[in-house]
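Q: Last residue of the sequence shown? That's 347 in our numbering, and every number before it is there in order.
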Amino acid sequence: MTASLFALAILLLISCASPERQPQTSPQPQPVAEQWQPQTFPECKSGEFSGTGVGEHESEALSEAHAALAKQINSSIEVITERMVNQQISNGKENLSSEYTSITIAKAALPNAHDARILYKKATGNKTSIAVCMTKADAAKGFIERQRLIADSLELASNTALKTEHPKHKNEAWHKTQTLWNEFAKIQTLLDGWGIEKTSFYEPANEIYSQAREDYKGYCQTSKLHWKPERETEYSSIAFSTLSKNLKMEKSPCKSNGISLIYKKADPDCSHKFGIYNCLYKPSLSLLSCKGTEYLLLESVLENSHQKQDLALEKLKDSFKAADFWEKWVREIEEWGARCE
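Written out as structure tokens, the structure reads:
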């Protein structure tokens with residue numbers, strides 16, 4: 007009896023000392039973060055410009071989308087520019103100048119980015135994707151404002167070209183008028199291609215430019231370079247021959263808006279000292295209006311020495327023919343003569 011109770015007590019102690027078995031459970035699956043994948047963006051409406059962007063946050067993605075939108079708009083401008091340049095070259099004979107000059111009106115910039123409509127936006131993982139759209143009417147806003155500013159400058163330049171009688175100022179005003187009109191017309195061609203109606207300032211700008219163009223055409227017919235040396239000499243003949251290679255000049259009386267080229271100081275001066283002949287020549291050319299107003303005086307100095315006077319004069323003449331001031335004189339005279347080609 008006592009042995010049985012003792013054995014039962016031992017069994018109870020072992021049972022209490024054994025750890026309780028817990029039911030086994032499966033580990034809970036952790037959520038997997040969605041990974042960013044290249045997006046297929048929806049398309050904008052027909053005829054609209056579009057741009058897409060991807061960035062680490064929304065502002066970065068939107069900035070990239072706006073840049074892509076501006077690039078697409080700029081590409082359409084480059085097509086217009088290329089077509090206008092080709093037209094200018096092909097019709098060169100009908101224009102006063104075949105040179106095409108233009109200011110860059112857009113270079114991947116979007117001044118009215120706020121007018122772009124967000125078509126699509128999605129955040130996936132650590133990336134945000136955005137697609138934007140812009141109508142041609144909204145895209146045109148910045149160009150219309152630029153055209154309005156050009157129209158103001160065009161009016162000022164055209165009026166100056168019409169009213170001034172100063173040859174150099176008239177040339178400068180007409181050149182500026184042409185440049186501004188080329189830019190104005192390029193924008194207009196762009197807007198026409200987008201189906202945008204002409205603005206209220208188009209006709210006034212076109213009219214003032216046409217007046218300036220016709221006025222300068224008439225000016226070209228009466229503004230010539232008239233060669234008139236004070237005295238016909240071998241040196242004056244060399245001067246005329248050298249300048250006329252690059253300038254359209256004629257030996258005729260100055261009339262109307264022409265420029266009179268008066269060649270002066272026709273002979274060199276020689277002095278003899280210590281057995282050496284020193285010959286000095288000072289070529290001089292005066293640009294005057296037909297009424298006698300002097301606009302510009304071109305001068306230079308040449309000098310040569312030799313034991314014999316005839317050789318000193320011969321060397322002086324050779325120096326005169328090959329002088330480096332001729333190119334400068336041509337450039338100066340060109341600024342005063344009408345630019346009609």
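The C-beta atom is built at its ideal place from N, Cα and C for all residues, glycine as well. Since we're looking at a predicted model, the values are computed, not measured.
Can you tell me whether alanine 119 is helix, strand or coil according to DSSP?
A: Working through the sequence shown from its first residue, we reach residue 119 at position 113. Helix at alanine 119.
Q: Suppose you measure from the CA of valine 138 to the CA of lysine 174; what does that come to, to the nearest Å?
A: Taking the sequence shown and counting its residues from 1, the one referred to as residue 138 is at position 132. Taking the sequence shown and counting its residues from 1, the one referred to as residue 174 is at position 168. Near 51 angstroms, if we compare the C-alpha coordinates of lysine 174 and valine 138.
Q: Could you give the distance in angstroms between the alpha-carbon of asparagine 188 and the alpha-carbon of valine 60?
A: Position 182 of the sequence shown, counting from 1, holds the residue named residue 188. Position 54 of the sequence shown, counting from 1, holds the residue named residue 60. In a straight line, the C-alpha of asparagine 188 is about 38 angstroms away from that of valine 60.
Q: Can you tell me which of Gly148, Gln227, Thr134, Leu125 puts its alpha carbon nearest to the alpha carbon of cysteine 118?
A: Indexing the sequence shown from 1 puts residue 118 at position 112. It is worth fixing the name first, because residue 118 is asparagine in this sequence and not cysteine. Nearest option by C-alpha distance: Gly148.
Q: Label asparagine 132 either buried or exposed according to how many other C-beta atoms from any shown protein chain fall within 10 Å of its C-beta, with 16 as the threshold for buried.
A: The count along the sequence shown starts at 1 and reaches residue 132 at position 126. So asparagine 132 ends up on the exposed side.
Q: Specify the secondary structure class of glutamate 2 as computed by DSSP and reduced to three states.
A: Shown here, the chain extends from 7 to 347; a query on residue 2 therefore has no answer.
Q: If I measure Cβ to Cβ from histidine 232 and keep anything under 6 angstroms in the same chain, skipping five residues before and after, which residues do I get?
A: Sequence index remark: in the sequence shown, residue 232 carries index 226 (1-based). Taken in chain order, the residues that qualify are Ser258, Cys260, Gly264, Ser266.
Q: Bridge partners of isoleucine 268, per DSSP?
A: Counted from its first residue, the sequence shown places residue 268 at position 262. For isoleucine 268, which the question treats as bridged, DSSP gives the partners Ser292.
Q: To the nearest angstrom, report how far apart leucine 68 and serine 81 are at their CA atoms.
A: Locating residue 68 in the sequence shown gives position 62, counting from the first residue. Locating residue 81 in the sequence shown gives position 75, counting from the first residue. Going by the C-alpha atoms only, they are around 20 angstroms apart.
Q: Roughly how many angstroms separate the alpha carbons of isoleucine 282 and glutamate 320, rounded to a whole number?
A: Stepping through the sequence shown from its first residue, residue 282 is reached at position 276. Stepping through the sequence shown from its first residue, residue 320 is reached at position 314. Computed Cα separation, rounded: 15 angstroms.
Q: What are the boundary residues of the alpha helix (DSSP H) that includes histidine 181?
A: Within the sequence shown, residue 181 is the residue found at index 175, counting from 1. Element bounds for histidine 181: 173-199.
Q: Please name the residue, chosen from Leu293, Ala329, Glu309, that lies closest to glutamate 338 on a Cα-to-Cα basis.
A: Here residue 338 corresponds to residue number 332 of the sequence shown, with the count starting at 1. Per the Cα distances, Leu293.
Q: Name the DSSP beta bridge partners of leucine 231, please?
A: The residue given as residue 231 occupies position 225 in the sequence shown. DSSP, once it has assigned bridges, lists Met255, Ile265 as partnering leucine 231.
Q: On the DSSP letters alone, give me the boundaries of the alpha helix (DSSP H) that glutamate 161 sits inside.
A: Numbered from 1 along the sequence shown, position 155 holds the residue referred to as residue 161. Residues 142-169.
Q: Quick one: Cα of alanine 218 to Cα of serine 262, how far?
A: Here the question's residue 218 lines up with position 212 in the sequence shown. Here the question's residue 262 lines up with position 256 in the sequence shown. Those two C-alpha atoms are separated by around 18 angstroms.
Q: As a quick exercise: from Lys51, Ser229, Tyr215, pick the residue whose alpha carbon is nearest that of threonine 185.
A: Residue mapping note: residue 185 aligns to position 179 of the sequence shown, counting from 1. Ranking Lys51, Ser229, Tyr215 by Cα distance to threonine 185 puts Tyr215 first.
Q: For the segment 284-334, list the alpha helix (DSSP H) runs that are entirely contained and at least 4 residues long, ordered along the chain.
A: Whole alpha helix (DSSP H) segments, 4+ residues: 315-327.
Q: Taking all protein chains shown into account, decide if isoleucine 20 is buried (16 or more other Cβ within 10 angstroms of its Cβ) or exposed.
A: As a working note, residue 20 is residue 14 in the sequence shown. Residue placement at isoleucine 20 cannot be trusted, given a pLDDT of 47 that sits under 50; what the coordinates show is reported in the next sentence. The residue is exposed, with fewer than 16 neighbouring Cβ atoms inside 10 Å.
Q: Of the choices Lys314, Thr299, Asp324, whose alpha-carbon is the least far from that of leucine 308?
A: As a working note, residue 308 is residue 302 in the sequence shown. Residue Asp324 is the option with its Cα nearest to leucine 308.
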